[in-house]
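Engineer: Please read through the structure below; I'll follow up with questions.
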Amino acid sequence: QMNKNVEEAVMNVFQKGNTFGDPDRKRPDWTDELDFEVPDAREQSVEYLWYVGDYPSYDERNQHVARSLARVFEEAGVSYGILYEDEQNDGNDIRRVGEEGLFEMVAEENIEAFRECDYEKVVCTDPHSYNTFKNEYEQFGFEDGDSVYHYTQVVENLVNEGALGLSGTELDDTVTYHDPCHLGRYNGEFEAPREVVRATGVTLDEMPRNRSESFCCGGGGGGLWMDFDEETKPSEERIREALEDTDAGPDVDRFVVACPMCMTMYEDGRKTGGYEDDIEITDVTELLVEAIDAKNEGSSAGATSAAAD
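The sequence shown runs 240 to 548 under our numbering.
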């Protein structure tokens with residue numbers, strides 16, 4: 240028998256197109272707090288069709304990540320757009336809990352939504368979306384799997400091209416980074432997020448279990464919707480590792496993630512494990528926006544000083 244929480248998430252996808260069970264008209268509400276309009280990929284040609292995903296669209300903590308990535312795209316002048324209310328759940332984790340028929344349904348509907356747009360590449364906030372679009376949608380007629388990217392891969396190129404104008408000295412925190420399963424082990428992308436993190440000026444101190452040896456946050460495969468019976472949650476154990484088993488130990492300021500599910504699991508683990516005063520959970524793109532803001536503040540201060548002279 241299916242776990243009740245998983246069953247509810249599956250039913251929400253079937254009825255509402257997202258795991259939260261919220262109306263599709265609320266999907267783009269995360270854009271309301273931005274001081275610019277996010278382009279609509281249904282109405283204009285774009286280089287990047289940005290698939291935002293359920294958690295960055297509906298979950299308050301991850302909405303901040305979505306707004307941060309939108310700011311990065313705007314800062315760099317990226318040609319991008321989103322599907323607004325026509326986006327729906329990617330199906331990756333629905334498939335992992337055994338709902339093959341529902342996965343096929345949402346895959347076909349997403350592919351049809353993509354076909355209605357004029358784009359060159361797909362960029363995903365969530366490694367789970369990245370994985371299923373890149374590797375599994377071909378089964379249902381999607382021909383652009385080789386043109387699907389995780390946002391860290393796109394942003395790495397922006398950093399290397401100098402599109403964000405960073406010097407690599409903007410921030411001075413000590414951080415560690417958690418490799419998401421669907422980005423790292425499943426798809427072999429380990430370096431892009433690290434390059435972006437380092438570009439901000441922080442000191443990156445690796446987790447003892449990293450890259451292909453990374454330990455799951457516990458959220459994948461439907462785990463996000465389940466209650467853990469273990470005395471110590473996987474997320475709590477990973478945060479303990481960050482603060483005790485890295486070279487910097489308690490001097491690690493931030494636990495950096497690149498996955499909305501990881502963000503959710505680690506924010507929970509930080510609270511339940513009693514680590515709220517010890518470490519912050521930060522997405523790669525949030526770190527990048529902090530660096531951009533520091534750069535811009537430095538430029539403004541320099542301009543003010545020059546004017547005074």
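For each residue, glycine too, the CB sits at the ideal point set by N, CA and C.
Candidates 387, 514 and 424: which alpha carbon is nearest residue 353's?
Structural biologist: 387
Engineer: Quick check on DSSP: helix, strand or coil for residue 367?
Structural biologist: Correct three-state label for residue 367: helix.
Engineer: Decide yes or no for the touch test of the stretch 522-532 against the stretch 394-407: beta carbon pairs closer than 8 Å, at least 3 of them.
Structural biologist: At 8 Å Cβ cutoff, the stretches touch.
Engineer: Beta-carbon separation of residue 410 and residue 439 under 8 Å?
Structural biologist: yes
Engineer: Out of 357, 414 and 423, point me to the one whose CA is closest to residue 369's CA.
Structural biologist: 423
Engineer: With a cut-off of 8 Å on the beta carbons, I'd call residue 435 and residue 395 a contact; round off their distance for me.
Structural biologist: 6 Å
Engineer: Nearest to residue 287 by CA position, among 347, 266 and 356, is which residue?
Structural biologist: 356
Engineer: Between the beta-carbon of residue 459 and the beta-carbon of residue 332, is there less than 8 Å?
Structural biologist: yes
Engineer: Are residue 298 and residue 521 closer than 8 Å when you measure CB to CB?
Structural biologist: Going by C-beta atoms, residue 298 is not nearer than 8 Å to residue 521.
Engineer: Would a C-beta distance cut-off of 8 Å place residue 321 and residue 393 closer than the cut-off?
Structural biologist: no
Engineer: Secondary structure at residue 439, three-state DSSP: helix, strand or coil?
Structural biologist: In the structure shown, residue 439 sits in coil (DSSP, three-state: anything other than H, G, I, E or B).
Engineer: What's the C-alpha gap between residue 312 and residue 420?
Structural biologist: 25 Å
Engineer: May I have the straight-line CA-CA distance separating residue 360 from residue 457, to the nearest angstrom?
Structural biologist: When rounded, the distance between both Cα atoms is 30 Å.
Engineer: List the residues that DSSP assigns as beta-bridge partners of residue 289.
Structural biologist: 362.
Engineer: Compare the beta carbon distance of residue 305 and residue 364 with 8 Å and say whether it is the shorter of the two.
Structural biologist: yes
Engineer: Comparing C-alpha positions only, which one of 384, 523, 507 and 466 sits nearest to residue 493?
Structural biologist: 523
Engineer: Leaving out five residues before and five after residue 488 in sequence, what residues of the same chain have Cβ atoms less than 8 Å from its Cβ?
Structural biologist: 482
Engineer: Given a threshold of 16 other Cβ atoms within 10 Å of its Cβ, counted over all protein chains shown, does residue 250 qualify as buried or as exposed?
Structural biologist: exposed
Engineer: Can you look up residue 495 in the DSSP assignment and give me helix, strand or coil?
Structural biologist: strand
Engineer: Alpha carbon to alpha carbon, what distance is there between residue 245 and residue 416?
Structural biologist: Cα atoms of residue 416 and residue 245: separation of roughly 28 Å, rounded to the nearest angstrom.
Engineer: Would you kindly check if the distance between the Cβ of residue 371 and the Cβ of residue 497 is under 8 Å?
Structural biologist: no
Engineer: Looking at the secondary structure, which residues open and close the alpha helix (DSSP H) in which residue 332 lies?
Structural biologist: 331-335
Engineer: Using only alpha-carbon positions, find the residue among 362, 444 and 511 that is nearest to residue 384.
Structural biologist: It is 362.
Engineer: How do the stretch 445-454 and the stretch 470-484 stand: do at least 3 beta-carbon pairs fall below 8 Å, yes or no?
Structural biologist: yes
Engineer: Check for me: the beta strand (DSSP E) holding residue 416 runs from which residue to which?
Structural biologist: Segment 413-416, the beta strand (DSSP E) holding residue 416.
Engineer: Measuring only between beta-carbons, confirm whether residue 481 sits less than 8 Å from chain C.
Structural biologist: Protein chains in the displayed structure number just one, and chain C is not present.
Engineer: Could you please give the first and the last residue of the uninterrupted beta strand (DSSP E) stretch that includes residue 518?
Structural biologist: Per DSSP, residue 518 belongs to no beta strand (DSSP E) and is neither H nor E.
Engineer: Could you give the first and the last residue of the continuous alpha helix (DSSP H) run that contains residue 376?
Structural biologist: In the DSSP assignment, residue 376 falls outside any alpha helix (DSSP H), carrying neither H nor E.
Engineer: Between which residues of its own chain and residue 433 is the CB-CB distance below 7 Å, once the five residues before and five after are set aside?
Structural biologist: 416 and 443
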